[in-house]
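Visitor:
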Amino acid sequence: MSQRNIYPIYSLIYIAGAERSGSTLLDTILGESKSCFSIGEFRQFWKSFILKNGLCTCQKNYKDCPFWGQILKELFGNTGNIKNIAMYYYKLQKIVERIPLVNLKKQKEYLFKYHKEISEFGSFLKEIYNKVIKFSSAKIIIDSSKVPYWLIVLKNFIPNLMVIHLVRDPRAVTYSWTKRKFDYSINNYIKTHHPFTTARNWLKYNIALEKIKSELQYYYFLRYEDFVNHPNKYLREIEKSFNLEKNIFPEIRNYQLLVKKDRHQVGGNPDRFKMKNIQIKGDFTWKKQLPLKYKIFITMLTFPFLKRYKYLF
Ligand SMILES: [Zn+2]
37 MSQRNIYPIY SLIYIAGAER SGSTLLDTIL GESKSCFSIG EFRQFWKSFI
87 LKNGLCTCQK NYKDCPFWGQ ILKELFGNTG NIKNIAMYYY KLQKIVERIP
137 LVNLKKQKEY LFKYHKEISE FGSFLKEIYN KVIKFSSAKI IIDSSKVPYW
187 LIVLKNFIPN LMVIHLVRDP RAVTYSWTKR KFDYSINNYI KTHHPFTTAR
237 NWLKYNIALE KIKSELQYYY FLRYEDFVNH PNKYLREIEK SFNLEKNIFP
287 EIRNYQLLVK KDRHQVGGNP DRFKMKNIQI KGDFTWKKQL PLKYKIFITM
337 LTFPFLKRYK YLF
C-alpha cells in the first residue's frame, strides 16, 4: 500500500520567526478557517502541556482535553506512562533545538552526528500531525512553533510544507520581552529576557530563515506591522502564494474577528486565551516605553536586517 493510501493529503503552515512577533494573532486568524486547524506553538507540547501539566486553549490539561486525549490514546495507548514518553521526546526536541543555525559547515556535521535522533523526532512530528488531521477533519494544520530548528527537520518530512516568515521590528520584540507576563496555562510568570538576548535571537533566527528559504517550496515573507494595517490584503496574498483556494482564510471586517471555532492550541503567548473577539490593532507601545539606550543598542546590533526589512524609516 502506498503512503498516499495510509495518510490523508494535508498541508502544514509553519509560522517561523522570532518569538513575540505577533504569531498568536496570525495563527488564531488562520486557524479560524474551516479548512484549517491551529495547534498553537506546538513545540510546547511536551514541556508545557504534558510535563508541566499546562492548559490547552479549551482550558483543560492533557488528561481532560478531548482532542489531545484521543490522539495520545491512539499514539501511546494507556497514557499512564505519558510523562516518561514526554521526557524521551523532549530530549529529542532539545537535540533538534541545538542544531547550529548560522554556520552551515557545523550544521552539516551536527546533522550527521545526530542523524538517528533527528530522524526519529521528524517521524514523530509527521505521525502526530497525521493524527491532528484525522481527528480535526481539517486539510491544513497551523503550527506557530516559530523556531527555524524545526524547519530543518520538517522540510524533509512534510511534503506540503508552507512557511510564513513573520518579522516584527526587533525593538518592539525587545520591549515585549522586558514586560512580565502571567501565563495562565502554567499558572506562573514567563521569564523576561534581557534586550541583548532578544536581539541576538531575533538576528540568529532571521539569518537562519534567510539561509533556508531557498530550500522551501512555499515561502512567504510577512511583516507584522503590514499585516495589522491591511489584514485582508495579506491573507489573500498568502492564499495566492501557497496556491490555496481563494478566500480560504477569513475575511476581516472593521479590523475585528469573532473566533467561533473550538480551539486546542497547546502553547504560545498567554494572550491566546483572550482571543475571542479579536481586535486587529498594531501595538507600538515600545516607541514610548523602550528606554533610549536600548533603542540605540538594538538598532546598532540588528542594523543590516533592520535596513533589509525596511524598519529604519
Ligand atoms: Zn483542548
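Here the numbering used here is used: the first residue of the sequence shown is 37, the next is one more, and so on. Where a beta carbon is used, it is the ideal one built from N, C-alpha and C, also for glycine. Model, not experiment: these values are computed from the prediction.
Straight-line CA distance for residue 38 to residue 163?
Guide: Residue placement at residue 38 is flagged as unreliable, the pLDDT there being 41, under the threshold of 50; a coordinate-derived value is accordingly withheld.
Visitor: Pick helix, strand or coil for residue 5, following the three-state DSSP scheme.
Guide: This structure leaves residue 5 out entirely; the chain is present only between 37 and 349.
Visitor: Who are the Cβ neighbours of residue 42 in its own chain at under 8 Å, not counting the five residues just before and after it?
Guide: Confidence in residue 42 is poor, its pLDDT being 45 and thus under 50, which makes the residue's placement too unreliable to answer from.
Visitor: With a CB to CB cut of under 8 Å and the five nearest residues on each side skipped, what residues in its chain are close to residue 240?
Guide: Once the five neighbours on either side are set aside, the close Cβ partners of residue 240 are 137 and 138.
Visitor: Do the segment 239 to 254 and the segment 196 to 206 make contact, defined as three or more Cβ pairs closer than 8 Å?
Guide: With the cut-off at 8 Å, the segment 239 to 254 and the segment 196 to 206 touch.
Visitor: Which ranges would you report for the beta strand (DSSP E) in the segment 239 to 323 if only whole runs of at least 3 residues count?
Guide: The qualifying runs are 254 to 259, 292 to 294 and 313 to 315.
Visitor: Could you check whether residue 187 and residue 126 sit closer than 8 Å to each other, using their CB atoms as the reference points?
Guide: Contact flag unset, no.
Visitor: In terms of residue numbering, what span does the alpha helix (DSSP H) encompassing residue 125 cover?
Guide: First-last of the alpha helix (DSSP H) with residue 125: 118 to 132.
Visitor: Put residue 63 into one of helix, strand or coil per three-state DSSP.
Guide: If DSSP states are grouped into helix, strand and coil, residue 63 belongs with the helices.
Visitor: Secondary structure at residue 48, three-state DSSP: helix, strand or coil?
Guide: Here residue 48 sits in strand by DSSP.
Visitor: Using CA atoms only, rank isn't needed, just tell me which of 54, 89, 49 and 102 is closest to residue 357.
Guide: An answer regarding residue 357 cannot be provided, because it is not within the stretch 37 to 349 covered by the chain.
Visitor: In angstroms with no decimal places, state the Cα-to-Cα distance between residue 338 and residue 53.
Guide: Each residue's Cα considered, the two are about 15 Å apart.
Visitor: Quick one, what's near ligand 1 if you take every residue whose CB is closer than 6 Å to any heavy atom, in chain order?
Guide: After applying the 6 Å Cβ criterion, the set is 92, 94, 96, 101, 103, 104 and 300.
Visitor: According to DSSP, is residue 113 part of a helix, a strand, or is it coil?
Guide: Reduced to three states, the DSSP call for residue 113 is coil.
Visitor: So the alpha helix (DSSP H) residue 172 belongs to, where does it begin and stop?
Guide: First-last of the alpha helix (DSSP H) with residue 172: 151 to 172.
Visitor: Can you tell me whether DSSP reads residue 332 as helix, strand or coil?
Guide: Residue 332 falls in the helix class under three-state DSSP.
Visitor: Distance check for residue 166 and residue 159, CA to CA, integer angstroms please.
Guide: Approximately 11 Å between the Cα atoms of the pair.
Visitor: List the endpoints of the continuous beta strand (DSSP E) containing residue 73.
Guide: From DSSP, the beta strand (DSSP E) with residue 73 extends over 72 to 76.
Visitor: Can at least three beta-carbon pairs, one atom from the segment 75 to 85 and one from the segment 174 to 188, be found at a separation below 8 Å?
Guide: They touch, by the three-pair rule.
Visitor: Measure the C-alpha to C-alpha separation of residue 106 and residue 91 and round it to an integer number of angstroms.
Guide: When rounded, the distance between both Cα atoms is 16 Å.
Visitor: Under three-state DSSP, which class holds residue 69?
Guide: Coil, per DSSP.
Visitor: With a 10 Å radius around its C-beta and 16 neighbouring C-beta atoms as the bar for buried, classify residue 313 as buried or exposed.
Guide: Exposed, since its Cβ has fewer than 16 Cβ neighbours within 10 Å.
Visitor: Buried or exposed for residue 151, going by 16 or more other Cβ atoms inside 10 Å?
Guide: Label assigned to residue 151: exposed.
Visitor: Rounded C-beta distance between residue 355 and residue 62? I'm assuming under 8 Å.
Guide: The requested residue 355 is not part of the displayed model; the chain covers only 37 to 349.
Visitor: Strictly by DSSP, which residues pair up with residue 88?
Guide: Answer is none; residue 88 lacks a bridge partner.
Visitor: My guess is that residue 129 and residue 135 are in contact by the Cβ rule of under 8 Å, so how many angstroms apart are they, rounded?
Guide: About 11 Å; that fails the 8 Å criterion.
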